[in-house]
Amino acid sequence: MAAPGSSDYRYERITDWPKMPPGETLGVVSRVATDSQDRVYVFQRKDPPIVVFDREGNYLGAWGTGAVKEAHGLKIVDDVCYTTDRPDSVCVSFTLEGQPLMELGRRGVHADTGVVAKNWLVERAGPPFNHPTEMMPHPNGDIYVTDGYRNCRVHRFSTDGKLKMSWGAPGKEPGQLHLPHSIAMTSDGTMYLCDRGNKRIKVLSPEFDILDIWTGMGGPNDISLGKDGNFYIAEQEYDHKPAYVCVRDASGKVITRLETRHVHGVGVDARGDIYAGLTVDRSVDKFVRVR
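Start counting at 1 in the sequence shown, then tack on 46, and there's your number in this note's numbering.
This is the structure in structure tokens:
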């Protein structure tokens, strides 16, 4: 099935790409990420939470049964899996084989952020965590966590898990956040933060100086950096427009938008193929780059 795209970025979509074992199906798919060998890791809201495929969609295995209450964030950096368990308010890193390496937060203990509105706007900012959304290591060695569903902050931790600082307040002003939902980082340390409730991406320094703000999008669910230096963004439906996977260059310019089913997570492999993690449809669609 042909997918729309610009003249230099065209894709063919493979719907329901994963080839599950007979009799098995995926649960709600929250995130998708790839490792250094282009194996694809699907983070789902059922046991086992991590399901692994090769780039052709063949099932390779699964792990993590009992380790995650509800899957949310997944990033793979230097072949380490960084995850968030939203309702348990913990962030855990694992080896590619599922061995836990680090855990931040206390299971089931949530920061006091006051009243939470139906649209996830909180009354006040709080310390770590209250339903965190993404965990990712920075090139400077620190670990950053977006704490979004019942908080409005990004927390910075040292490599040994000590809190160094927290940034963010509830609202829509430039220095405020409304459901920080994902984060990506470039090798020079610049951070790209999905401020989902405000339908924008904030470009930040490691100290949270605002360098730029990208707008003109549906609420960004996820952002991943490709080997090509472009950013791949999962956009929610808005203003009667469908969901999209959007490709932007390093300056934030839109290269192409690919219409998709409701997409919550987006991964990209070394060849530039895109994997759309689908919550509502409980599957993964693959967009194969054809030029």
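The beta-carbon is built from N, C-alpha and C at its ideal position, and this holds for glycine as well. Please read all numbers here as calculations on a predicted model, not as lab measurements.
Among the options, which residue has its Cα nearest to the Cα of residue i?
i: Val155; options: Trp166, Tyr57, Lys164 and Gly172; result: Gly172
i: Ala230; options: Leu223, Lys245, Thr111 and Pro252; result: Pro252
i: Ala187; options: Arg202, Asn197, Cys198 and Gly194; result: Looking at the sequence provided, one finds Gly at residue 187 rather than Ala. Closest by alpha carbon: Arg202.
i: Asp125; options: Glu116, Glu143, Gly264 and Val312; result: Glu143
i: Leu106; options: Ser233, Gly235, Val86 and Tyr290; result: Val86
i: Gly298; options: Ile247, Ser204, Asn197 and Arg196; result: Ile247
i: Glu116; options: Thr130, Ala108, Ile122 and Gly103; result: Thr130
i: Ala108; options: Ser82, Thr141 and Tyr321; result: Thr141
i: Asp274; options: Ser233, Asp206, Lys208 and Lys245; result: Ser233
i: Asp2; options: Ser228, Ala163, Val98 and Gly214; result: The structure shown does not extend to residue 2, since the chain spans only 47 to 337, so no value can be given for it.
i: Lys210; options: Asn197, Leu223, Val191 and Gly110; result: Val191
i: Asn244; options: Met237, Asn276, Pro288 and Cys198; result: Cys198
i: Gly311; options: Asn104, Thr159, Val200 and Asp268; result: Asp268
i: Met66; options: Val88, Tyr57, Ala79 and Arg77; result: Val88
i: Ile259; options: Ser270, His286, Gln222 and Ala280; result: Gln222
i: Asp93; options: His118, Gly110, Lys332 and Leu304; result: Gly110
i: Arg132; options: Gly151, Thr236 and Glu283; result: Gly151
i: Pro185; options: Ser204, Pro288, Gly160 and Gly103; result: Ser204
Start and end of the beta strand (DSSP E) containing residue i?
i: Asn267; result: Pro266 to Leu271
i: Lys115; result: Looking at the DSSP string, Lys115 is not in any beta strand (DSSP E), and its letter there is neither H nor E.
i: Met237; result: Met237 to Asp241
i: Leu66; result: The sequence shown places Met at residue 66, not Leu. Counting along the chain, Met66 falls outside any beta strand (DSSP E), and DSSP gives it neither H nor E.
i: Ser76; result: Val75 to Thr80
i: Pro146; result: Pro146 to Leu150
i: Tyr321; result: Ile320 to Leu324
i: Pro178; result: Pro178 to Pro183
i: Ala280; result: Phe277 to Glu281
i: Leu304; result: Val300 to Thr306
i: His310; result: Val309 to Val314
i: Tyr128; result: Val126 to Asp131
i: Val155; result: It is not in any beta strand (DSSP E) - Val155 carries neither H nor E in the DSSP assignment.
Assign residue i to buried or exposed, taking buried as 16 or more other Cβ atoms, counted over all protein chains shown, within 10 Å of its Cβ.
i: Gln90; result: buried
i: Asp319; result: buried
i: Glu219; result: exposed
i: Tyr55; result: buried
i: Leu147; result: exposed
i: Ala48; result: Legend: pLDDT at Ala48 = 47, less than 50; position of this residue unreliable, value from coordinates given subsequently. It is exposed - the Cβ of Ala48 has fewer than 16 other Cβ atoms within 10 Å.
i: Leu239; result: buried
i: Asp193; result: buried
i: Gly207; result: exposed
i: Pro174; result: buried
i: Tyr278; result: buried
i: Val200; result: buried
Would you list the residues sitting across from residue i in a DSSP beta bridge?
i: Trp260; result: Ile247
i: Ser212; result: His201
i: Arg59; result: Phe333
i: Gln90; result: Val75
i: Ile229; result: Leu239
i: Ala108; result: Val97
### Task
Count the CB pairs spanning the region 165 to 182 and the region 125 to 137 that are closer than 8 Å, and state whether there are at least three.
yes
#### Entry: the region 61 to 80 contacting the region 321 to 328, beta-carbon criterion three pairs below 8 Å
yes
#### Entry: the region 57 to 64 in contact with the region 308 to 317 per 3-pair CB rule at 8 Å
no
### Given 8 Å, three or more beta-carbon pairs between the region 279 to 295 and the region 249 to 267
yes
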